[in-house]
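Colleague:
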Amino acid sequence: NLIYQFLIKDRALAWAGLPEISLDFLGLITYISVIAAVVQVLEMFLDRYVPSLYNSLGIFLPLITVNCAILGGCLFMVERDYNFSESVTYGVASGVGWALAIVAMAGVREKLKYSDIPEGLQGLGVTFITAGLMALGFMAFSGIQL
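Residue 25 is where the sequence shown starts when you use my numbering, and the numbers rise one by one after that.
1. Among the candidates Lys137, Leu160, Glu103, Val90, whose CA atom is the shortest distance from the CA of Val150?
2. So what does DSSP say about Val74, is it helix, strand or coil?
3. Excluding the 5 residues flanking Ala60 on each side, which residues of the same chain have their C-beta closer than 7 Å to its C-beta?
4. May I have the straight-line CA-CA distance separating Leu85 from Glu110, to the nearest angstrom?
5. For Gly115, report the span of its alpha helix (DSSP H) as first-last.
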């Protein structure tokens, strides 16, 4: 709520001398990012200080972060004021898109497992590069707009 009050709501940047700038469009993304960050900090805390609880929760903590993406899709539909048929179409298409992206990423990671990758890029480094290149590929579906 503090982030919304001081940075995002209409005329919130008046204290910084920027009263006409509105960052309302960042509200939803900020909300979801805060939830994901809190879950990740909680996961790191439990892993370090309460390993038995961390091990018993298993995969469920990272799933909360994934649920933030699902919540984001639902809130986008509400924000855009879709009717029932538009909501169903958007939901199904979003699900297919997420599934396509996950399957493509899994396939690329499987290929990378058997590739000769420089030591400095192994692990997260090559994963971020791969995700960026895949994002560029998916952006091509919207066409080139100059």
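Every residue, glycine too, gets a C-beta built ideally from N, C-alpha and C. Just so it is clear, the structure is predicted and the values come from calculations on it, not from any experiment.
Modeller: Reading from the atomic positions:
1. Translated into positions along the sequence shown, residue 150 becomes position 126. Among Lys137, Leu160, Glu103, Val90, the Cα nearest to that of Val150 is on Lys137.
2. Here residue 74 is taken as the residue at index 50 of the sequence shown, counted from 1. Reduced to three states, the DSSP call for Val74 is coil.
3. For this step, residue 60 is matched to residue 36 along the sequence shown. Same-chain partners within the cutoff: Thr89, Cys92.
4. Translated into positions along the sequence shown, residue 85 becomes position 61. Translated into positions along the sequence shown, residue 110 becomes position 86. Spanning the two alpha carbons is a distance of roughly 31 Å.
5. Residue numbering aside, residue 115 sits at position 91 when the sequence shown is read from its first letter. Start and end: 108-137.
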